[in-house]
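Asks: Read in order, the letters of the sequence shown correspond to residues -19 to -1, 1 to 669 in mature numbering (1 follows the signal peptide of the UniProt record, and there is no 0).
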Amino acid sequence: MPVTRRRFAALLTVLTAGATGVLSVAGGQQTTAEATQEKNPAAARPASVTAGSVVQIVAHPDDDLFFMNPDLSRSLLSGTQVTTAYLTSGESDGRNEAHGGAASDPEQPADRAHYAEARQNGIRSAYAQMATGDRTSAWKRTVMPTAGGGQAELDVLIAKPQVNLVWLMLREARSTGGDTPESLRGLWNGRIPALDAQLTSGTPVKQPFTYTKDQLVRTIAGVLDQYRPTTIRMQDPTPNRYGEDGTGRYTDHQDHMYGARFVQAGTAAYAAEVSRRPHFTVQSYLGYHNSTLPHALDPQTAETKTGFLKTYAWQDRQDYCGSPSGCGDRKVAGNPTGRNWAQSLRYTRADNTSWLTEGTPGRLWAFATLDGQSAYWTRNAAGDWAGPVFIPGTGIDPGATAARLPGGRVGVLATRTTFGSTPAEYRREVVYAVQSAPDGPFGSWQSLGTPERTDDEGTSAISAPAASVDARGLLTVYLRDSRRTLRASTQQPDGGFSPWERLGGEDLQSDPVTAIDAAGRRHVYATTTTSVLAWTQRTPDTPLLGPAPTGLPATTVPLSAAPDGAGVRLFFRRPDSGVVRTALVTAGPSVRPHVSSVTEAGGRAGYGAVGAAGRLMVGRADSGTISTTGLGGPPAWVESGMLFAGAPSAVLEPSGTTTTAVLGLDAELHTTTPPTAPNRPTWHRAVH
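#1: Which complete beta strand (DSSP E) runs does the stretch 413 to 444 hold, if anything under 3 residues is left out?
#2: Rounded to whole angstroms, what's the CA-CA distance from Asn145 to Glu634? Just pull it up for me.
#3: Thinking Arg100 and Gly75 are a contact (beta carbons under 8 Å), I'd like their distance in whole angstroms, please.
#4: Using three-state DSSP, classify Gly159 as helix, strand or coil.
#5: Based on Cα-Cα distance, which residue from Thr466, Glu482, Leu456 lies nearest to Pro474?
#6: Whose C-beta lies closer than 6 Å to the C-beta of Asp92 among residues of the same chain, with five residues either side of it excluded?
#7: Return the CA-CA distance between Val513 and Pro493, expressed in angstroms with no decimal places.
#8: Would you be able to state if there are at least three C-beta pairs under 8 Å between the stretch 279 to 298 and the stretch 44 to 61?
#9: Provide the residue span of the beta strand (DSSP E) that contains Thr510, from first to last.
#10: Please list, in chain order, all residues of the same chain as Arg397 whose beta carbon is under 6 Å from its beta carbon, the five residues on each side excluded.
#11: Out of Pro220, Ala568, Val39, Ala323, which one is the CA nearest neighbour of Asp557?
#12: Between the stretch 241 to 256 and the stretch 299 to 311, are three or more C-beta pairs nearer than 8 Å?
#13: Any contact between the stretch 339 to 349 and the stretch 357 to 375? By contact I mean 3 or more CB pairs, one from each, below 8 Å.
#14: Would you say the stretch 192 to 211 touches the stretch 168 to 175, given that touching needs at least three Cβ pairs under 8 Å?
#15: Under a three-way DSSP split, which group does Thr652 fall into?
#16: Since I believe Ala582 is in contact with Phe552 (beta carbons under 8 Å), could you give me their beta-carbon distance rounded to a whole number of angstroms?
#17: Would you report the Cα separation of His669 and Arg573, rounded to the nearest angstrom?
#18: Which of the three DSSP states, helix, strand or coil, is assigned to Tyr239?
#19: Please state if the CB of Ser272 and the CB of Thr329 are separated by a distance shorter than 7 Å.
#20: Indicate the three-state DSSP secondary structure (helix, strand or coil) for Glu339 in the structure shown.
#21: Is Gly627 near the ligand ZN, going by C-beta to nearest heavy atom under 6 Å?
#22: Is the distance from the Cβ of Gly527 to the Cβ of Ala445 below 7 Å?
#23: Three-state secondary structure (DSSP) at Gln207?
#24: Could you pull out every residue in the same chain whose Cβ sits closer than 6 Å to the Cβ of Gly8, ignoring the five residues on either side in sequence?
#25: Taking DSSP as the reference, what is the three-state secondary structure of Thr537?
#26: Whole beta strand (DSSP E) runs in the stretch 345 to 405 with 3 or more residues, listed along the chain?
#27: Can at least three beta-carbon pairs, one atom from the stretch 34 to 41 and one from the stretch 205 to 222, be found at a separation below 8 Å?
#28: Please go through the same chain and pick out, in chain order, the residues whose beta-carbon is closer than 6 Å to the beta-carbon of Asp420, but skip the five residues on each side of it.
#29: Mapping the DSSP letters down to three states, classify Glu98 as helix, strand or coil.
#30: Residues in its own chain within less than 6 Å of Arg360 by CB, not counting five upstream and five downstream?
#31: Using a threshold of 7 Å, state whether the C-beta atoms of Thr638 and Ala631 are closer than that.
#32: Between Thr399, Val137, Pro480, which has its C-alpha nearest Ser441's C-alpha?
#33: Looking only at C-alpha atoms, which of Pro524, Pro189, Gln490 sits nearest to Val538?
#34: By the DSSP assignment, the beta strand (DSSP E) with Phe261 in it spans what residues?
#35: At the level of alpha carbons, what is the spacing between Gly268 and Ala405?
#36: Assign Thr273 to one of three DSSP states: helix, strand, or coil.
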């Protein structure tokens, strides 16, 4: 049976004994809470370490290894409870051959049950290696009834019983994008009444079963209810299409996309129907599109990730598992990095750093999505945090953008997924909520709609919104649409928003960012596959001009922007390295802005977006932990002991204090107190 929460809590206490209250800093020194209590009373609280539990739900065996690693391996090494559920058996054509993605030999007999079993064997070996260092570490395989009326295989790693695998074993599409009714896509769209199981040859599950759409949603909700995660990881439900008009083939496998939509529906059902549970966050991951973007991981991290894939692929052909099906997925053996997938990890939600903002003097507001609702924490002038408080309304996607209005009111923007009564009504839209008065409650969500006419055209593949505020307190909201161009909607004096205006650009990736320089001029930036595009104002009262090339080099895609004197400073990472780079962009009389030379800002490796305030930067180090470094400061991240979800955020307060915040895997807000030494902050739970 899966490890219980009580048993896991006891295990985690043992695993983290001695770590609480200690932060590793540069030079190998340690600062204990006791030693620093007199200097900083907040340091008497234990320093944040990784806590919580993780459930990953993916379409196929290996989706987690290609697209969720190194997050996965670092969660396993931390001792976190990790459960991965696989929706399909990944049986493909039933031929376990090493062709590196090429077509299989039609002369070899197809045996889907044995090939699916080989993939299971490879996954078990890779997880055992990640968690224990021994790929042969034993598993206990049992049958688990599901809430949808079927059966699943449950595998528990005996040496580390907090590591579980759940195999739902449905039939896969057997085609990346082909029109296959017998698939998750066909089930979601109502083309078939139920989807059959594809049992593996060695599974203890012996009775075949089928799932209707509702039964599969119930099954996913039941898995979540079984494990009560604080972090849910899933694939991208809106991955875009190829072609300038956004109507070409999917940029991802159809099972990834429609499997993720089933996870969305199951997660929503779990949130609505299970009341006594911990709060949870959701993180979604980019899939096949990674192959077209610069590598996001440094070489050492990519090599380690590839090593786990080689284990899964059974590259050495040694018979260590004793299975007649084989010990791994030989289709991957010829090319264990996939199509440049092993060299990257990217998030498709919650990878922006604009969710923390000041309101009235001394008060901060932090926003995140918990349980499918927008939640906020607030810090008063005395430095005490409270929350989370929920803004009514469900379907809110991970990630948030905060905006400070004149007078200290705060607004928050997000995207919302609506399912509708039919599959054709599935879509994402931008929503906005604002305080009725400074420090007051938030009003109801206002929909800004979406520039997408139908989900079928662009798969609702819009970015998170970015927002700027003019002197009148009116917002302009920027969005990347499914055609990878920039769109804008401007708030009117009556509070409504204009239709989505076309601002141009092409090949835009990830989320746009915006900032206002000291002269009051608005800047908007968006990354492309090869550079960064800019839209700027000549003066604060003139139209936004662009897109203009910046001449900046390629980035790993996530971009952050912060005002810096007469210009805006951009922060991004160098491909194949993870080193943080920065450049100052200044608007001028021409369309093309002036761009400074690129400098290395610090931090030798890492991935994901970088938050910045003043001279402090915060982000993921190559260890995956929340870490800090200084602009022009030490050449390495000062690491904490905590893994986290989404991206960090930071603000420079008028007092000169830099406050940084992040959401841990425990779905709790963690912040830094004012550091007792430069660039050496200690992370604590904000609410204690």
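Even for Gly, the Cβ is constructed at its ideal location relative to N, Cα and C.
Replies: Reading off the structure:
#1: 427 to 430
#2: Counting from 1 along the sequence shown, the entry for residue 145 is found at position 164. Counting from 1 along the sequence shown, the entry for residue 634 is found at position 653. Cα-Cα distance, rounded: 44 Å.
#3: By 1-based counting over the sequence shown, the position of residue 100 is 119. By 1-based counting over the sequence shown, the position of residue 75 is 94. The Cβ separation is near 11 Å, so there is no contact.
#4: Within the sequence shown, residue 159 is the residue found at index 178, counting from 1. Reduced to three states, the DSSP call for Gly159 is coil.
#5: On the sequence shown, position 493 is the one that residue 474 refers to. When only C-alpha atoms are compared, the closest one is Leu456.
#6: On the sequence shown, position 111 is the one that residue 92 refers to. Hits under 6 Å: Gly75.
#7: Translated into the one-based positions of the sequence shown, residue 513 becomes position 532. Translated into the one-based positions of the sequence shown, residue 493 becomes position 512. Cα to Cα, the separation comes out at about 10 Å.
#8: yes
#9: Indexing the sequence shown from 1 puts residue 510 at position 529. Looking at the DSSP string, Thr510 is not in any beta strand (DSSP E), and its letter there is neither H nor E.
#10: Reading the sequence shown from its first residue, position 416 is the one you call residue 397. Cβ within range, chain order: Gly376, Ile377, Glu410, Val412.
#11: In the sequence shown, the residue the question calls residue 557 occupies position 576. Answer by Cα proximity: Ala323.
#12: no
#13: yes
#14: yes
#15: As a first step, residue 652 is located in the sequence shown; it is residue number 671 there, counting from the start. The answer is strand: DSSP assigns Thr652 an E or B state.
#16: Locating residue 552 in the sequence shown gives position 571, where the first residue counts as 1. Locating residue 582 in the sequence shown gives position 601, where the first residue counts as 1. That belief holds up - the Cβ atoms of Phe552 and Ala582 are roughly 7 Å apart, short of 8 Å.
#17: The residue given as residue 669 occupies position 688 in the sequence shown. The residue given as residue 573 occupies position 592 in the sequence shown. Roughly 49 Å separates the two Cα atoms.
#18: Along the sequence shown, read from residue 1 onward, the residue named residue 239 stands at position 258. Helix.
#19: On the sequence shown, residue 329 is found 348 positions in, with the first residue counted as 1. On the sequence shown, residue 272 is found 291 positions in, with the first residue counted as 1. Not in contact: Thr329 and Ser272 (Cβ atoms no closer than 7 Å).
#20: Here residue 339 corresponds to residue number 358 of the sequence shown, with the count starting at 1. Looking at Glu339 - three-state DSSP - the assignment turns out to be strand.
#21: Ligands are entirely absent from the displayed structure, and the ligand ZN is therefore not among its contents.
#22: For the purposes of this step, residue 527 is taken as the residue at position 546 of the sequence shown. For the purposes of this step, residue 445 is taken as the residue at position 464 of the sequence shown. No. Outside cutoff.
#23: In the sequence shown, residue 207 corresponds to position 226, counting from 1. If DSSP states are grouped into helix, strand and coil, Gln207 belongs with the helices.
#24: Within the sequence shown, the letter at position 27 stands for residue 8. Annotation note: pLDDT 31 at Gly8 (below 50); position unreliable, no value reported.
#25: Stepping through the sequence shown from its first residue, residue 537 is reached at position 556. Coil, per DSSP.
#26: 345 to 351, 354 to 360, 366 to 372, 382 to 385, 391 to 399
#27: yes
#28: The residue labelled residue 420 in the question sits at position 439 within the sequence shown. Only Thr341 meet the Cβ criterion.
#29: Position 117 of the sequence shown, counted from the first residue, corresponds to residue 98. Residue state, collapsed to three classes: helix.
#30: Residue mapping note: residue 360 aligns to position 379 of the sequence shown, counting from 1. Leu345, Trp366, listed in sequence order.
#31: Here residue 638 refers to the residue found at position 657 when the sequence shown is read from its first residue. Here residue 631 refers to the residue found at position 650 when the sequence shown is read from its first residue. It is not a contact, given that the beta carbons lie outside the stated cut-off.
#32: If you number the sequence shown from 1, residue 441 lands on position 460. The candidate whose alpha carbon is nearest that of Ser441 is Thr399.
#33: Reading the sequence shown from its first residue, position 557 is the one you call residue 538. The residue with the shortest Cα to Cα distance from Val538 is Gln490.
#34: Sequence index remark: in the sequence shown, residue 261 carries index 280 (1-based). It is not in any beta strand (DSSP E) - Phe261 carries neither H nor E in the DSSP assignment.
#35: In the sequence shown, the residue the question calls residue 268 occupies position 287. In the sequence shown, the residue the question calls residue 405 occupies position 424. Those two C-alpha atoms are separated by around 23 Å.
#36: The residue given as residue 273 occupies position 292 in the sequence shown. Of the three classes helix, strand and coil, the one that applies to Thr273 here is helix, per DSSP.
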